[in-house]
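>
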Amino acid sequence: MLNRRGALAAFVTGVLGSLAARRTEAAVVEQPKSAPADPTEVIILWPNGAPGGEGVTAEEQIIDRTATGGPRDRAQVHTRKPTLVVFRPKKPNGAAVLLIPGGGYERVVLDKEGYETARRLNDSGYTCFVLFYRMPGDGWTAGGDAPLQDAQRAIRLIRAKAAAMGFSADRVAIMGFSAGGHLAANLTVRFDAPTYAPIDAADQLPAKPNLSALIYPVISLDTAIAHGGSRKQLLTRDASPEREAVLSPEKQVREGLSPVFLLHAADDKTVPVANSLAMFTALKAKAVPAELHVFEEGGHGFGLRFTPDKPVAAWPRLFEAFAKRHGI
0 MLNRRGALAA FVTGVLGSLA ARRTEAAVVE QPKSAPADPT EVIILWPNGA
50 PGGEGVTAEE QIIDRTATGG PRDRAQVHTR KPTLVVFRPK KPNGAAVLLI
100 PGGGYERVVL DKEGYETARR LNDSGYTCFV LFYRMPGDGW TAGGDAPLQD
150 AQRAIRLIRA KAAAMGFSAD RVAIMGFSAG GHLAANLTVR FDAPTYAPID
200 AADQLPAKPN LSALIYPVIS LDTAIAHGGS RKQLLTRDAS PEREAVLSPE
250 KQVREGLSPV FLLHAADDKT VPVANSLAMF TALKAKAVPA ELHVFEEGGH
300 GFGLRFTPDK PVAAWPRLFE AFAKRHGI
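The sequence shown begins at 0 in numbering that gives the first Met the number 0 and counts up by one.
#1: Distance check for Gly102 and Asp63, CA to CA, integer angstroms please.
#2: From the DSSP output, which residues share a beta bridge with Gln60?
#3: With 16 as the cutoff for other CB atoms within 10 Å, does Asp137 come out buried or exposed?
#4: Quick one: Cα of Trp45 to Cα of Pro310, how far?
#5: At a cut-off of 7 Å, is Gly138 close to the ligand FAD when judged by its beta-carbon and the heavy atoms of the ligand?
#6: Inspect the CB distances between the segment 115-123 and the segment 84-91 and report whether three or more fall short of 8 Å.
#7: In or out: Ser239 buried (at least 16 other Cβ within 10 Å) or exposed?
#8: Would the beta-carbon of Tyr215 fall within 8 Å of that of Phe176?
#9: What beta strand (DSSP E) runs, 3 residues minimum, are completely inside the segment 235-269?
#10: Going by beta carbon distance, what residues of the same chain come within less than 8 Å of Met134, once the five residues before and after it are set aside?
#11: Starting from the C-beta of Arg155, find all residues in its chain whose C-beta is less than 7 Å away, skip the five residues before and the five after it, and write them out in chain order.
#12: Check each candidate in Val84, Ala95 and Ala74 and name the one with the smallest Cα separation from Asp110.
#13: Under three-state DSSP, which class holds Val55?
#14: Looking only at its chain, what residues have a beta carbon closer than 7 Å to the beta carbon of Thr194, apart from the 5 residues adjacent to it on each side?
#15: Short of 7 Å in beta carbon distance, which residues of its chain neighbour Ala322, apart from the five on each side in sequence? Order them along the chain.
#16: Are the C-beta of Arg119 and some C-beta of chain B separated by less than 8 Å?
#17: Tell me the residue span of the beta strand (DSSP E) that contains Leu97.
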């Protein structure tokens with residue numbers, strides 16, 4: 000149960016702190032008619048196939064949801080072959096970011112919360128990796144932990160390639176959006192959970208992120224504040240109270256976690272801001288470095304779009320300032 004006074008204080012602090020950052024940066028409102036070409040550098044997470052897929056029958060596909068004249072909007076459903084899509088910066092700053100798009104644990108929204116964010120962070124020197132992860136409701140043996148297997152494996156592979164790709168293995172951040180924010184939060188608190196058997200030398204590397212950014216994240220599976228769709232998908236195989244607690248990151252926070260940046264809009268009707276408040280309160284209770292920004296307006300799923308005239312559009316700079324203070 001949230002401490003109401005603590006949650007209110009976090010909320011007010013986030014609003015005031017965020018509204019102070021009035022300078023907004025250019026947002027991606029509309030892509031040019033000729034959108035940038037997709038990158039061709041792709042890393043396969045599981046060379047011999049993802050674990051526990053014997054009962055999976057759904058076929059992986061990309062659905063183009065782009066509206067006429069609108070920005071590109073694609074989503075991958077039924078991921079069978081988890082991958083990392085690589086975005087290399089022109090001037091590397093020595094750090095990397097694992098990007099985890101949302102999609103309600105039913106799809107991976109690849110443009111808005113993946114590729115566009117990667118290009119924006121490339122401009123600041125970050126080497127970026129967009130994660131295409133498996134869905135918990137597709138029949139994988141690991142159920143709700145199938146996405147976590149992919150996230151753990153992804154960050155280990157990123158570290159294994161750090162020297163060759165020009166960044167430090169000790170400067171690897173993660174950033175998740177919406178349901179991807181839940182996966183990022185899950186990785187933040189359960190990075191050392193033994194979710195799969197090691198398959199190569201990369202799996203001897205740590206899966207602990209050096210910093211986490213949770214953008215309008217799904218956090219809790221408590222029905223009072225949960226995103227119903229994500230909760231349903233994560234608990235498909237086991238809906239026991241014990242499993243619900245394991246998959247509610249705010250209930251798994253412990254001392255010694257890496258710094259966490261949280262961002263939410265107070266008018267989010269899809270994933271209540273109470274999710275970020277719960278995570279922030281839990282982090283502070285365990286003395287984990289954390290920063291929360293709550294904006295009056297923004298709704299849900301804005302990414303770098305839809306908010307050019309609102310203070311929330313400054314969020315990439317707020318993240319970068321937080322990351323820089325913590326050496327990322």
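Yeah, the Cβ is synthetic: ideal placement off N, Cα and C, and Gly gets one too.
Concretely, from the data shown:
#1: 14 Å
#2: Val76
#3: buried
#4: A straight line joining the alpha-carbon of Trp45 with that of Pro310 spans about 41 Å.
#5: Of ligands this structure carries none, so the ligand FAD is not represented either.
#6: Contact between the segment 115-123 and the segment 84-91 is established, with three or more Cβ pairs separated by less than 8 Å.
#7: exposed
#8: yes
#9: 259-264
#10: Val76, His77, Thr78, Tyr104, Glu105, Arg106, Ala145, Pro146 and Gln232
#11: Ala201, Asp202, Leu204 and Ala206
#12: Ala74
#13: coil
#14: Ala141, Asp144, Leu147, Gln148 and Gln151
#15: Ala172 and Leu210
#16: Included in the structure is just one protein chain, with no chain B present.
#17: It spans Ala95 to Ile99 - the beta strand (DSSP E) in which Leu97 sits, taken as one unbroken run.
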